[in-house]
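Asks: Protein sequences, first through last, are from chains U, V and D. Position one of the first sequence corresponds to residue 3 (the numbering used here), numbered consecutively onward. Position one of the second sequence corresponds to residue 2 (the numbering used here), numbered consecutively onward. Position one of the third sequence corresponds to residue 13 (the numbering used here), numbered consecutively onward. The following block contains the structure, expressed as structure tokens.
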Amino acid sequence: MTKVNLIIDGVNVEADSSDTILTAAKKAGIIIPTLCYLKDINNDGACRVCVVECKGKTNLITACNNPVMEGMEIETCNPKVLEARKTNIELLLSNHNKNCLTCGKNLNCKLQQYSYEFGCDENKIVGVKNNYDLDLSSPCIVRDNNKCILCGRCVQVCKQIQATSAIQKQKRGFQTMINCSFDKPIKDSTCVGCGQCVLVCPTGALLETSNIKKVMELMAEPNNVVIAQVAPSVRVAINEEFGYPVGTFNEGKLVTALKRVGFNKVFDVNVGADFTVIEESEELIERINENKNLPLFSSCCPAWVKYCKLHYPDYVKNLSSCKSPNEMLGAVIKNYYAKQNNISVNNIKVVAIMPCTAKKEEILENNDVDAVLTTRELATFIKYKNLSFTHLPESEFDNPLGEYSGAGLIFGSTGGVTEAVLRTAVDKLSKTDSSDVDFEVVRQSEGIKETTINVGNLKLNLCVVSGLKNAQIIMEQIKNGEKHFHFVEFMACPGGCVNGGGQPFVDYTKINYFDVAKQRAKALYENDKKSTNRKSHKNQFVNKIYKEFLIPNNLTKTLLHHNHNKK
Amino acid sequence: MAESKLENEQLEVLNILKNFDSDPSELIHCLQTIQNKCGYVSEFAVKQISQKLNVPESDVFSVVTFYSQFTLKPKAKYNIEICMGTACYVLGADKSLKKFENKLGIKLGEQTLDNKFSLKQSRCLGCCGLAPVVSINGKIYGKVTEDKVDEILDELV
Amino acid sequence: MTFAELTKLKNERLKEIDVRFNKNSLKKEIMVCSSTGCKSNHGAEIIEEFKKQIKEHNLTNVSVEKTGCFGLCALGPIVIIYPEGTFYCRVTKSAVKEIVEQNLIKGKVATNYLYDKALINQTHKNEIDFYKHQQFVARKNSEFINPENILDYIALDGYFALYKALTKMQPNEVIEEIKKSGLRGRGGAGFPTGTKWELTAKEKANKKYVVCNADEGDPGAFMDRSIIESEPHKIVEAMLIAGYAVGASGGFVYLRAEYPLAGERLEKAIEQARKLGLLGKNIFGTKFSFNLSIKYGAGAFVCGEETALMHSLEGKRGEPRTRPPYPAQQGVFGCPTVLNNVETFANVPTIILNGGEWYSKIGKGTSTGTKVFALSGKVKHTGLVELPMGTTLRDIIFNIGGGVLNNKKFKAVQIGGPSGACLPESKLDLPVTYDDLKNNGAMMGSGGLIVLDEDSSMVEVAKFFLEFICDESCGKCTPCRIGNRRLLEILNKLLAGNGTMEDIDELESLSYFIKENSLCGLGQSSPNPVLSTLKYFKDEYVALVDKQHKNADKYVINKEKCIGCSACSRVCPVKCISGEIKKPFEINQEKCIGCGGCQKTCKFGAIEKV
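Written as structure tokens, this is what we have:
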């Protein structure tokens, strides 16, 4: 790689020939503001916020996509550039619904941040605004085009990363807008609700559908017993909402907060995951023995399940009949726990705290769970209830559905389901209690990881997929007969649920989109390592429920599985 | 009647698509062929193009709405614009308008069901010496009094 | 196709069309302009009528043929009769009989149909005022050839430049010749063509392309249409030469959909060339193979911008992108691409045949060769004029254009279309070169020249172009998408009489912002009409603000004469005229800005200036 020498703001910078002005400046500790730029995904230079002055050119040039050249002299914040940046934001503000005070993106919005930092006058440029209706049709996502700045990130993520292209730019000029084709509501499009668009949107144009009010209503009913169940990925992310670094692991304060905001009990979806592992490994062995409907596809990701039904209907039969950990736990709570504690079926309410927006649609299919709050919504709820999160003491999840195995915990990362299933399947197949529980080969997938694990005579062909574009690639290979697997784990969100559409917003100028998942997942694996029990089938609470309730009452299939083909 | 017309239209679209490969760069050419043959690009056409050319439906729609040449609704074959500038008005444009409305069975601003005629009001065309003036697909007809309407419509048909 | 075969075709055809060049020929040939302007004016009927009249009069040795565009569409249909080369205008169907009788039978000039009835000694194109100062290079042979016959093109040395390039020159020698000529892009930016070809040739790639930008979108510009409809083979030959020079094996002509006849002619030309082996594999028996096809635009002015054009070619939204990478490095389908305008290509065969040095002697400074301008507006003679670079604006407008219509006072000339500027009287002696224009805040653009007189409102002109830009902006970048919209709103505010001096300042600063921050050339040049009118005609802006303080003209309606037709109220930019239909109208003196539009519109002389 050849070196390129240039001067940025008077500082000599040695950059690589592959650097842009933006990345070269970063090496010198100069952070040029960007709005539409998203590394490896979007660098069109459309927003013009990252403009800089280059000696010898009259017009300003964008830093995000102009390569460095030997001898370039760049100024990133001289009066001309600062004035241009300010005017640019003021233009965007002139066509924006500025209800920041009550906007769901308040304090997390890049437009808001730059308006303040660049010293903008929000009333300087006034003119006609586009006036769009909100799209409230989806249970997962709300779209508000009156806040859209046409950065194009959502379009690129939906197209490049998620192979879905539910939304695209339409028309041109001032009338340009991002919408589904034929202006249909998002619920009628190919959108799977993964919420990646929400994560990357720099303004409040895309947010999750809020269910906080619903949860408060459930809590207000005096006879209701409202139970919170927490997904694995929440505990490595919620802390970021309260100032902790990305990937901080803490359950104690989270549980206390949930109790304080009004939940009667706090159970752990990791336990639900343990149920799922037991059921799914059973299903895998059965299918291998019968050589039927292989490969087995995981089905705990509702966005993936929707994607599969939409684009590969012939492979719906390959989906696991297992419910997701979320649904399984809800079913166990409402049938086992409720009975045990004499709570009537009408009064037991389950609220899931999820890293995921698609779960909001998943729960509509049955009565296992009554509402879903994303990690972000929970943080808002905690603040609304006057809690100072950092000062809370630590508590533990309630039993009998609070103690989990390390296998259940790692569900939040790509490769986690596979590894968890392996720990149980290997023991079952080899009829041992293997001490080999670290299957590092399925970890740290960059999107697609293929591997073969030997279990006795059996060579298990496995594939770990995250991101729907990668799902498309693998599905096409399976369709063509190019690849043959026994089990494929599909997660719609790149990196797994830790990067779910409901997770805390991250400043992508400070951390790369693809790195967020890695940092959060690291915390999950570290804590899995520390767990006393790292195998789902060794969870004594789970085993007790099987022995005393599910099996004698023949409820395993009815409560823990569903029939995809019915829909 | 309308249903079989729709079927014919859909058959035409499918016929046109037979000549196209799964080549995204041919999208505009494909849309132009369909626009020229059918007079507009229907939702059916967008879906079929998306499948045949291997382009996401939202991308096809995006291109359709970007370029002026494409319409999502059928254009009328004859776009009749009646000048309602006062010189024309004073010389009986409103009477000619009523005649057009009666003959075509539509009101001002509407389009006939067979999409053959649309009736619009135009701004002053600057031909006041020829008032009352009617413009059809850009062609100027002067001195269009009530009795001339039949003649014009006959000529078109 | 071999050289011998080509020469044979040339010589044979030259003999057949001898009448067009030999004053002593015993034959007669009537050539009728059959390009879009004259065609829509019943050109096809004229041809049929001539044939009919010839038959009726039993005339022998008289043929009727189509010919190319003369750029004088306002005076069409145009007819030339050889061997004298008598030039007839406004030839209606009924005129044919008279021309046949006068000219063909009696051997006299049918003076009724001359360019100017009063100038009866101007019978030949070279004598006519409008043409005699022009220099034809890009449009050299339009009047001698039938655009739909490849043999006519070959007869006049068509495809001989290609032969010379392929067999007598190395690719880098071809590039050197173009460089020597000093030819610069005629689409607007004026980038040196030779350098562009050289950069593309340097790139190592399996596949390269040549693209012709025929998306002539400037309102009022029709030079490219004229060239393609008249000599489509010139473009084919030029693209072949370019392909050879840079190492490309394929090409596209990106033609706007609004030019169907140009498309037809070009399709025909491509097919004819292919049949003769001038397109396809191993041309002239060399290793060079090249294929050409047409892709049509779909109605987006922005697709005239190089990178937007390439995206459109790829079937996408016509949105420009950042450069670098330049098309020479990464163009169509990611391959190195040479992209040139129609007029640029039209000069190439002549440069190869006559040599770059010959070409470089025409013109001024670094602006060599000729330029085709489209002259229109308040000028006596409208149409296409081809002149050496460096001709002054005064010469173009007054000597060739004949001066301002109705002998009104010249006010400004708008040059360069929506990307261009309005230059006032003080700049009339500016030589038209890329650099002179640039140094005066203007731009050559595609070569559109619109003459404005004392009655024109410069603010309205700026608004006209800004409205156009707002309709055509692709919408990708903030400055152009939102900025231009806000500029237009300020202009409308001023025109409605609600503007302030601060608005004028804002107009200027926002214009500079858009110019310096937009992503592509369209956005970067879109404020030019506003900025140039602000620079040279600020008083008109100020008048809109300051009307009560300045001695603005006032207008009053004479109630005796007013019939209440409301025509005046509809043209009033500040909506200060009101009344009831068929009753006398009234002008609100408080709001009247004295533009005089009402008086101009009134057909009953009912409005008086006070």
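From the three backbone atoms N, C-alpha and C, an ideal C-beta is built for every residue, glycine too.
Where do the N-terminal and C-terminal ends of the alpha helix (DSSP H) with Y553(D) fall, by residue?
Replies: 550 to 557
Asks: Put A230(U) into one of helix, strand or coil per three-state DSSP.
Replies: strand
Asks: Using a Cβ cut-off of 8 Å, pull out every chain A residue sitting near E326(D), in sequence order please.
Replies: Annotation note: the requested chain A is absent from the structure, which comprises protein chains U, V and D.
Asks: So, is V622(D) buried or exposed, given that buried needs 16 or more other C-beta atoms within 10 angstroms?
Replies: exposed
Asks: What does a CB cutoff of less than 6 Å around A260(D) pick up in its chain, not counting 5 residues either side in sequence?
Replies: Within the same chain, and ignoring the five residues on either side of A260(D) in sequence, the residues whose Cβ sits closer than 6 Å to its Cβ are K220, Y221, V222.
Asks: Between the C-alpha atoms of L500(D) and S51(V), what's the straight-line distance to the nearest angstrom?
Replies: 38 Å
Asks: Which stretch, first to last residue, makes up the alpha helix (DSSP H) that contains K423(D)?
Replies: K423(D) -> not in any alpha helix (DSSP H); beta strand (DSSP E) instead, spanning 422 to 427.
Asks: Between E437(D), H323(D), F264(D), which has its C-alpha nearest N353(D)'s C-alpha?
Replies: If we check each option's Cα against that of N353(D), F264(D) comes out closest.
Asks: Whole angstroms are fine: how far does the CA of C324(U) sit from the CA of H539(U)?
Replies: 16 Å
Asks: Relative to chain U, which residues along the stretch 56 to 69 of chain V have a C-beta separation below 7 Å, given in chain order?
Replies: P57, E58, S59, D60, F62, S63, T66, F67
Asks: Under 8 Å, Cβ to Cβ, is there at least one residue of chain U near S485(D)?
Replies: yes
Asks: So with Cβ pairs under 8 Å, would you call I29(V) a contact of chain D?
Replies: yes
Asks: Between G12(U) and E77(U), what straight-line distance do the alpha-carbon atoms span, to the nearest angstrom?
Replies: 8 Å
Asks: Would DSSP call T64(U) helix, strand or coil?
Replies: strand
Asks: For S469(D), tell me which candidate among C434(D), R25(D), T334(D) has the shortest Cα-Cα distance.
Replies: C434(D)
Asks: Is it true that the CB of I569(D) sits closer than 8 Å to the CB of I599(D)?
Replies: yes
Asks: Taking its Cβ as the centre, do 16 or more other Cβ atoms sit within 10 Å of Q560(D), making it buried, or is it exposed?
Replies: Legend: pLDDT at Q560(D) = 44, less than 50; position of this residue unreliable, value from coordinates given subsequently. Counting the other Cβ atoms within 10 Å of the Cβ of Q560(D) gives fewer than 16, which makes it exposed.
Asks: In the DSSP assignment, find the unbroken alpha helix (DSSP H) run with F15(D) in it and report its ends.
Replies: Here the alpha helix (DSSP H) through F15(D) covers 15 to 28.
Asks: Suppose the cutoff is 8 Å on Cβ atoms and the five residues either side in sequence are ignored; what does the same chain contact list for R406(D) look like?
Replies: Here the set comprises L440, D441.
Asks: Going by CA-CA distance only, name the one from F82(D), I157(D), G170(D) that's closest to S138(D).
Replies: One point to set straight first is that residue 138(D) is Asn, not Ser, in the sequence displayed. Here the closest residue by C-alpha is F82(D).
Asks: Looking at L365(D) and F148(D), is the spacing between their C-beta atoms short of 8 Å?
Replies: The beta carbons of F148(D) and L365(D) sit no closer together than 8 Å.
Asks: Residues of chain U with CB closer than 7 Å to the CB of E44(V), please, in chain order.
Replies: F184
Asks: Within 8 Å of any Cβ in chain U, is that where the Cβ of I516(D) sits?
Replies: no
Asks: Determine, using beta carbons only, whether V14(V) comes closer than 8 Å to chain U.
Replies: no
Asks: Using C-beta distances below 6 Å, list every residue in its chain close to A373(U), excluding the 5 sequence neighbours before and after it, in chain order.
Replies: Cβ neighbours of A373(U) within its own chain (closer than 6 Å, five residues either side excluded): N213, K216, V217, V353.
Asks: Check whether the stretch 178 to 189 of chain D touches the stretch 33 to 53 of chain D, taking contact to mean three or more Cβ pairs, one atom from each stretch, closer than 8 Å.
Replies: no
Asks: Check the Cβ-Cβ distances between V47(V) and every residue of chain U, and say whether any is below 8 Å.
Replies: yes
Asks: Could you give the uninterrupted runs of the beta strand (DSSP E) lying entirely in the stretch 338 to 369 of chain D, keeping only those of 3 residues or more?
Replies: 349 to 353
Asks: Can you tell me the Cα-Cα spacing of H136(D) and L503(D), whole angstroms?
Replies: 48 Å
Asks: Would N63(V) be called buried (16 or more neighbouring beta carbons within 10 Å of its own) or exposed?
Replies: The residue you asked about is not Asn; residue 63(V) is Ser in the sequence shown. Buried.
Asks: How close, in whole Å, do the beta carbons of R25(D) and I166(D) come, if the pair is a contact with beta carbons under 8 Å?
Replies: 6 Å
Asks: In chain order, what residues of the same chain lie with their CB nearer than 6 Å to the CB of A333(U), ignoring the 5 residues before and after it?
Replies: D370, L561
Asks: Cutting at 6 Å between CB atoms, please list the residues of its own chain near Y271(D), excluding the five before and the five after it.
Replies: R237
Asks: Where do the N-terminal and C-terminal ends of the beta strand (DSSP E) with C434(D) fall, by residue?
Replies: 433 to 436
Asks: Does chain D have any CB closer than 8 Å to the CB of V13(U)?
Replies: no
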